[in-house]
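Numbering (the numbering used here), first residue to last: 7 to 472.
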């Protein structure tokens with residue numbers, strides 16, 4: 007029972023004790039005799055009061071068993087899932103148990119100045135510093151640090167080839183932060199001046215502010231347009247990442263696509279994470295070309311639905327999407343089953359390693375869980391690349407099948423995060439039984455002390471080559 011409810015019951019029981027004491031004091035007095043003649047005696051009055059308390063406490067217990075929810079994201083796939091479970095909607099300033107919130111709100115909840123202490127029966131859908139994974143620059147920074155630490159430890163994970171490339175941890179394109187790493191970027195660019203690079207603002211999503219470059223002069227123009235005279239100072243300048251563009255993507259029907267995969271993390275230490283089986287591919291509406299004349303054509307290069315839906319060839323029926331299962335069948339028929347299995351094993355490996363990279367710096371608050379949207383691109387050699395991770399993957403539905411997928415995603419997420427749909431207790435061990443996982447599959451679930459209990463993903467050198 008929540009603390010506030012328990013205090014209310016305690017107060018009412020105290021009221022009954024006071025009634026007993028008062029009536030005992032009056033027994034034998036003229037006031038008591040008069041009262042007993044008009045009614046059934048003070049014992050009956052006490053009994054009546056206790057019955058009323060039992061009814062009150064009973065209704066309190068019923069309410070106590072219902073999760074009280076709040077959200078600042080008005081999406082039907084969320085609200086319908088809450089209502090289906092019989093949960094009760096309350097206002098933000100009332101007692102709540104479950105808050106599905108935006109990343110802006112989570113900042114306020116855990117802010118030193120404006121935040122407040124969460125109780126054991128309250129959980130939220132973001133970790134306080136999720137941005138260590140979901141900001142493009144910080145994700146790359148943490149992965150680079152993780153590699154160096156493993157290398158220092160002499161871990162086989164950090165093994166390199168004769169060219170100095172990581173054999174098992176080379177899963178993010180070469181990336182630099184601008185303006186901070188400008189000189190390093192220029193040095194790399196001059197090694198291969200015919201390469202194409204993609205620039206992205208660190209804190210934006212849905213394809214906003216992204217553009218491609220293949221000349222240093224374009225960087226200088228960007229700097230001038232941003233009204234920054236120097237690459238040294240960035241006080242008034244938005245930070246960008248610049249990454250080597252994957253210019254040999256796997257094409258289907260001549261079009262570029264990426265994968266949107268959903269990953270649930272219930273705790274970082276120990277790491278417990280789950281992959282949703284029903285991800286999808288997002289296709290560009292225009293056929294891919296390496297032609298430099300099309301570098302500005304985002305319908306060729308960016309798969310974001312927020313961009314592609316404005317294209318002339320956008321299909322509103324299927325939304326330019328394929329299910330992951332359809333992709334798997336296609337690859338099995340064109341490339342073979344063993345090669346396809348290896349590809350998906352590598353995707354799972356990338357996800358787990360990215361989470362392990364941020365685990366040491368993540369504020370592993372017991373009140374938190376998080377469902378991430380992973381964006382993966384596959385090149386024509388069937389090598390997967392991690393592009394970015396989204397803290398608030400879209401819950402909007404562009405098609406009917408999209409809505410079914412996202413409703414199921416939220417439902418399965420709630421079944422793991424809020425066991426039995428009952429009032430949460432964040433002190434539980436966050437190890438749900440397999441029968442409640444739905445379309446989630448375990449990627450990694452460890453025990454305290456670092457012992458792996460279950461892992462779907464094996465190290466690359468332990469896998470058989472196809």
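Cβ coordinates follow ideal geometry from the N, Cα and C atoms, glycine included.
{"query": "Minimum C-alpha distance to residue 366 - residue among 250, 204, 145", "result": "145"}
{"query": "Buried or exposed (CB count within 10 angstroms, at least 16 for buried), residue 92", "result": "exposed"}
{"query": "Enclosing alpha helix (DSSP H) for residue 349 [first to last residue]", "result": "343-364"}
{"query": "Distance CB(residue 352)-CB(residue 390) smaller than 8 Å", "result": "yes"}
{"query": "Where the alpha helix (DSSP H) containing residue 145 begins and where it ends", "result": "142-159"}
{"query": "Pair within 8 Å by beta-carbon distance, residue 216 and residue 308", "result": "yes"}
{"query": "Euclidean distance between Cα positions of residue 190 and residue 326", "result": "38 Å"}
{"query": "Exposure label - residue 378; buried when at least 16 CB within 10 Å", "result": "buried"}
{"query": "Burial state of residue 155, where buried means 16 or more other Cβ atoms lie within 10 Å", "result": "exposed"}
{"query": "Continuous alpha helix (DSSP H) assignments of at least 4 residues falling wholly in the region 414-453", "result": "none"}
{"query": "For residue 203, the three-state DSSP class (helix, strand or coil)", "result": "strand"}
{"query": "Distance between residue 256 and residue 386 (C-alpha atoms, nearest Å)", "result": "4 Å"}
{"query": "Contact the region 344-364 vs the region 110-129: 3+ CB pairs below 8 Å", "result": "no"}
{"query": "Through-space distance from residue 270 to residue 297, alpha-carbon basis", "result": "39 Å"}
{"query": "Buried/exposed call for residue 122, threshold 16 Cβ in 10 Å", "result": "exposed"}
{"query": "Rounded separation between residue 452 and residue 375 - CA only", "result": "16 Å"}
{"query": "Sufficient close CB pairs (3 or more, under 8 Å) joining the region 426-438 to the region 271-280", "result": "yes"}
{"query": "Collapsed DSSP secondary structure at residue 391 in the structure displayed", "result": "strand"}
{"query": "Residue 125 to residue 75 span [Cα, whole Å]", "result": "14 Å"}
{"query": "Cα-Cα separation between residue 449 and residue 101, rounded to whole angstroms", "result": "34 Å"}
{"query": "Counted within 10 angstroms of its Cβ, other Cβ atoms place residue 167 as buried (16 or more) or exposed", "result": "exposed"}
{"query": "Three-way DSSP call (helix, strand, coil) for residue 228 in this model", "result": "helix"}
{"query": "Terminal residues of the alpha helix (DSSP H) in which residue 90 lies", "result": "82-90"}
{"query": "N- and C-terminal bounds of the beta strand (DSSP E) containing residue 273", "result": "261-274"}
{"query": "Buried versus exposed, by CB contacts within 10 Å (16 or more), residue 192", "result": "exposed"}
{"query": "Runs of beta strand (DSSP E) wholly within the region 95-140 (minimum 3 residues, chain order)", "result": "104-106"}
{"query": "N- and C-terminal bounds of the alpha helix (DSSP H) containing residue 334", "result": "330-340"}
{"query": "Backbone secondary structure at residue 396 - three-state DSSP", "result": "strand"}
{"query": "Residue 423 burial status per 10 Å Cβ neighbour count (16 or more: buried)", "result": "buried"}
{"query": "Exposure of residue 153, with buried meaning 16 or more beta-carbon neighbours within 10 Å", "result": "buried"}
{"query": "Contact check, residue 1 vs residue 267, beta carbons under 8 Å", "result": "The chain is shown from 7 up to 472; residue 1 falls before or after that span and cannot be answered."}
{"query": "Segment contact flag, the region 83-99 with the region 336-350, C-beta cutoff 8 Å, min 3 pairs", "result": "no"}
{"query": "Closest residue to residue 141 among 73, 306, 360 (Cα-Cα distance)", "result": "360"}
{"query": "Which of helix, strand or coil DSSP assigns to residue 277", "result": "strand"}
{"query": "Cβ-based burial, residue 254 [other Cβ within 10 Å; buried from 16]", "result": "exposed"}
{"query": "Segment limits, beta strand (DSSP E) that includes residue 246", "result": "246-250"}
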